[in-house]
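Residue numbers (the numbering used here): 19 to 125.
What follows is the structure, encoded as structure tokens:
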């Protein structure tokens, strides 16, 4: 009898962002998606029934973002130049992060 197992986290968060270089005041939409590991397919698949809120840390401020059908979006912009780390911090899952660089309009 062959028994399949997975040695990673059963769930993970996937983050999709169209660009990570912005100018001050410019906005970008970040999509968050729940995925679960499917042993039969031996890969992560979208988890459309997961309604657990995403815990998102933006530059040290944590907020809960509600999930609908396993998906949520957040809008990010900054009035000041700098580097901002946006990461998920849900417990007991494979979390993700991205760094967004915001520059003055003059560069």
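Idealized CB from N, CA, C, for every residue including glycine.
This structure is a prediction, so every number in the text was calculated from the model and none was measured.
For residue i, does the count of other Cβ atoms within 10 angstroms reach 16, so buried, or fall short, so exposed?
{"i": "residue 39", "result": "exposed"}
{"i": "residue 53", "result": "buried"}
{"i": "residue 36", "result": "exposed"}
{"i": "residue 113", "result": "buried"}
Using CA atoms only, rank isn't needed, just tell me which of the options is closest to residue i.
{"i": "residue 90", "options": "67, 121, 58", "result": "67"}
{"i": "residue 57", "options": "113, 79, 102, 28", "result": "28"}
{"i": "residue 46", "options": "95, 108, 84", "result": "95"}
{"i": "residue 109", "options": "123, 99, 70, 49", "result": "70"}
{"i": "residue 78", "options": "33, 107, 55, 119", "result": "107"}
On the three-state DSSP scale, how would you describe residue i?
{"i": "residue 107", "result": "coil"}
{"i": "residue 68", "result": "coil"}
{"i": "residue 115", "result": "strand"}
{"i": "residue 124", "result": "coil"}
{"i": "residue 59", "result": "coil"}
{"i": "residue 97", "result": "coil"}
{"i": "residue 90", "result": "strand"}
{"i": "residue 45", "result": "coil"}
{"i": "residue 73", "result": "strand"}
{"i": "residue 23", "result": "For residue 23, the predicted structure reports a pLDDT of 47, less than 50, and the residue's modelled location is therefore unreliable. A value from the coordinates is still provided. Here residue 23 sits in coil by DSSP."}
{"i": "residue 54", "result": "strand"}
{"i": "residue 82", "result": "strand"}
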